[in-house]
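Peer 1: Pasting in a structure now, in structure tokens, and then I'll have a few things to ask.
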């Protein structure tokens, strides 16, 4: 019954008029950036962070969350109609979704994608609600020792499960940790690595770093590629799928949702990994695998359900333990801290209205998405006609203004410029920047908890192994790292992550 | 993509890490280290920097003996135009106001591609600048001057 009461409380928060409004703003912006290739949710959330100051914490989180799962809806529209993934998570949808569009079934594909997303979003909301309570009970037993181990697990797992070389990602985490140390040391009051710059004494803001690395670096790299002509030729006839289509899509939808929910909770999960796994699963289960790539409806329904479920369940570690599963969740942690809320295991008991409000708003938001996506599809399609040559200067300008807005400081704009250069360098040498952001956001907490743990244990490192919960967590870390040394698993991982 | 005898991606990343780690060690040389039970401000930076140094040396070494494809040549136009756009915004925003800084930033950024047409770009820049002033200053109350002081 507690679950029911919690959801009811959440729903009452989510249904407050202003929260409904911010949820709507979030999902509309999310859909828009999802439709447009070349702008992802990470720079968008970073850009909007400064303007969530004035909002109440639930409103801010509801809007930012809406951007993330809204982007998953929008991404599939572009994938189906133009064969260009609007987001990385909709890469797979291109394969069969665009093929369906070529066969004149664009409307069916869009509708199935939206229905699958809605189904997954609804189910995932329930999964979050069910899992949150036991996880937060466990979290209440945590001291600095366990929390430190948990942070380590979060960072390591995010690295192991995400794209790219494990060793390079680990190095990027360390780089992020190092950047997180810049500023005045909280316990001794000594300035560290500030090079005498006053603006650095409060530490580096992560917004300019995120915008530089993810937003601007990406734009520069995009501009190096010759621009492709996008043709949206398919006219959308009927948006209502036939009964046979629905029957074919439904099992895939269920499997995709289950797969996405599980993969989303894992650190490093989120929206990118689930659709690939779901597509592979559907192909394996299909009676006639050769239909895949030629417009199989399961190839749209499964991955679309998976990416939405994954996008939503990736909030679970954040909402219950205060650990971000991916770079975007790291930004959400930043948003919480800007609101003066310390993320951590205590968040569920101290901020029940916030946590349950965000959970309930996801269901409300999914309902809104269904409504704004299907009937308004024409509007989103016309957005695709905006040429990139007009789009990118606007993004650059908004990044500049947004970065300035966090602290009204020009220093941050310069910092963003530097990070744009570094971000471009990382893209050139093929290094994934997401782990850096995780390290940067978690760095100060990691140091703080390590210090406190050492104080409790009087400098005895074995404390991390003598406490049972911490020992189990570190055991998982060890298994993960050892598994990465095994060539067999490395090979499977490579195949699983290969696009 | 060019074939190269060394793995340029690994090598450059390795050297980058070594440089960052060395810089950190120099910058934090005067901070007290303390010991594990009572860490000084220099403890964590040094631990992280040493780990980074190890990774850096690993990648640098690996870069030398692994044969791999090199990196695609750098195209200067987009890189410089975007960086210049941000730089100009930083230089002008507080002195000349958001309206002028926005126009300048958008025009500079659009030099990143050859597709731009000057008239279209200027018109677009003016419209965007107006929109930015309305949205950020009037609506969201960003404390930034609109015109030169």
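Protein chains in written order, with my numbering: chain A, 14 to 512; chain B, 3 to 151. All C-beta atoms in this analysis are idealised placements derived from N, C-alpha and C, irrespective of residue type, glycine included.
How far does the alpha helix (DSSP H) with residue 11 of chain B in it extend, from its first residue to its last?
Peer 2: That run of the alpha helix (DSSP H) goes 10-29.
Peer 1: Hey, is residue 62 of chain B's beta-carbon within less than 8 Å of any beta-carbon in chain A?
Peer 2: Judged by the 8 Å Cβ criterion, residue 62 of chain B is not in contact with chain A.
Peer 1: Keeping to the same chain, check which residues put their C-beta closer than 7 Å to that of residue 383 of chain A; ignore five residues upstream and five downstream.
Peer 2: 127, 131, listed in sequence order.
Peer 1: Quick one: list the residues of chain B neighbouring residue 442 of chain A, beta-carbon separation under 7 Å, in chain order.
Peer 2: Those are 11, 14, 15, 73, listed as they occur along chain B.
Peer 1: Specify the secondary structure class of residue 397 of chain A as computed by DSSP and reduced to three states.
Peer 2: Correct three-state label for residue 397 of chain A: coil.
Peer 1: For a cutoff of 8 Å on Cβ pairs, would you count residue 179 of chain A as touching chain B?
Peer 2: No, its Cβ sits nowhere closer than 8 Å to a Cβ of chain B.
Peer 1: In terms of alpha-carbon separation, which member of B:45, B:122, B:62 lies closest to residue 194 of chain A?
Peer 2: Residue 194 of chain A has its Cα closest to that of B:45, out of B:45, B:122, B:62.
Peer 1: Determine which residues of the stretch 361-394 of chain A have a Cβ less than 8 Å from any Cβ of chain B, and write them out in chain order.
Peer 2: Within the stretch 361-394 of chain A, no residue has a Cβ that lies closer than 8 Å to any Cβ of chain B.
Peer 1: Measure the C-alpha to C-alpha separation of residue 16 of chain B and residue 60 of chain B and round it to an integer number of angstroms.
Peer 2: Answer to the nearest angstrom: the Cα atoms are 7 Å apart.
Peer 1: Closer than 7 Å between beta carbons: that is the criterion. Which residues of the stretch 419-443 of chain A meet it against chain B?
Peer 2: Listed by position, the residues of the stretch 419-443 of chain A near chain B (Cβ gap below 7 Å) are 421, 423, 426, 427, 429, 430, 433, 434, 437, 441, 442, 443.
Peer 1: How long is the line joining the alpha carbons of residue 407 of chain A and residue 158 of chain A, rounded to whole angstroms?
Peer 2: Those two C-alpha atoms are separated by around 46 Å.
Peer 1: On a CA-only basis, which of A:466, A:458, A:424, A:483 is nearest residue 198 of chain A? Give me that one, please.
Peer 2: Cα-wise, what sits closest to residue 198 of chain A is A:458.
Peer 1: Can you give me the Cβ contacts of residue 80 of chain B inside the same chain, cut-off strictly under 6 Å, excluding the 5 residues immediately before and after it?
Peer 2: Closer than 6 Å at the Cβ level, and outside the excluded window around residue 80 of chain B, lie 114.
Peer 1: Within 8 Å (strictly less), CB to CB, does residue 66 of chain B reach chain A?
Peer 2: False, the Cβ-Cβ gap to chain A never drops below 8 Å.
Peer 1: Please classify residue 196 of chain A: does DSSP put it in a helix, a strand, or coil?
Peer 2: In this structure, residue 196 of chain A counts as strand in the three-state DSSP scheme.
Peer 1: For the stretch 427-477 of chain A, list the alpha helix (DSSP H) runs that are entirely contained and at least 4 residues long, ordered along the chain.
Peer 2: Within the stretch 427-477 of chain A, the complete alpha helix (DSSP H) runs of at least 4 residues are 447-470.
Peer 1: As a quick exercise: from A:27, A:184, A:350, A:388, pick the residue whose alpha carbon is nearest that of residue 219 of chain A.
Peer 2: Minimum Cα distance to residue 219 of chain A is reached at A:350.
Peer 1: Quick one: what's residue 46 of chain B bridged to in DSSP?
Peer 2: Paired residues: none, contrary to the question.
Peer 1: Considering only their Cβ atoms, is the gap separating residue 54 of chain B from residue 204 of chain A smaller than 8 Å?
Peer 2: Not a contact, by the Cβ cut-off of 8 Å.
Peer 1: State yes or no: is the C-beta of residue 104 of chain B within less than 8 Å of the C-beta of residue 131 of chain B?
Peer 2: Their beta carbons are under 8 Å apart, which means residue 104 of chain B touches residue 131 of chain B by this criterion.
Peer 1: On a Cα-Cα basis, can you pick out the residue from A:59, A:26, A:172, A:106 that is closest to residue 497 of chain A?
Peer 2: Checked all of A:59, A:26, A:172, A:106; the closest Cα to residue 497 of chain A is A:172.
Peer 1: Compare the C-alpha of residue 20 of chain A against each of A:111, A:135, A:91, A:42 and name the closest.
Peer 2: Here the closest residue by C-alpha is A:135.
Peer 1: So the alpha helix (DSSP H) residue 220 of chain A belongs to, where does it begin and stop?
Peer 2: Residue 220 of chain A -> alpha helix (DSSP H) spans 219-223.
Peer 1: If you reduce the DSSP assignment to three classes, tell me which class residue 258 of chain A lands in.
Peer 2: In this structure, residue 258 of chain A counts as helix in the three-state DSSP scheme.
Peer 1: Which residue spans inside the stretch 370-394 of chain A form an unbroken beta strand (DSSP E) run of at least 3?
Peer 2: Counting only runs of 3 or more, we get nothing.
Peer 1: Go through its chain and collect everything with a Cβ distance to residue 512 of chain A's Cβ below 8 Å, but skip five positions before and after it.
Peer 2: The predicted model places residue 512 of chain A with a pLDDT of 40, which falls under 50 and marks its position as unreliable; any figure quoted below should be read in that light. The residues are 104, 289.
Peer 1: Could you give the residue range of the alpha helix (DSSP H) that holds residue 96 of chain A?
Peer 2: No alpha helix (DSSP H) holds residue 96 of chain A; DSSP gives it neither H nor E.
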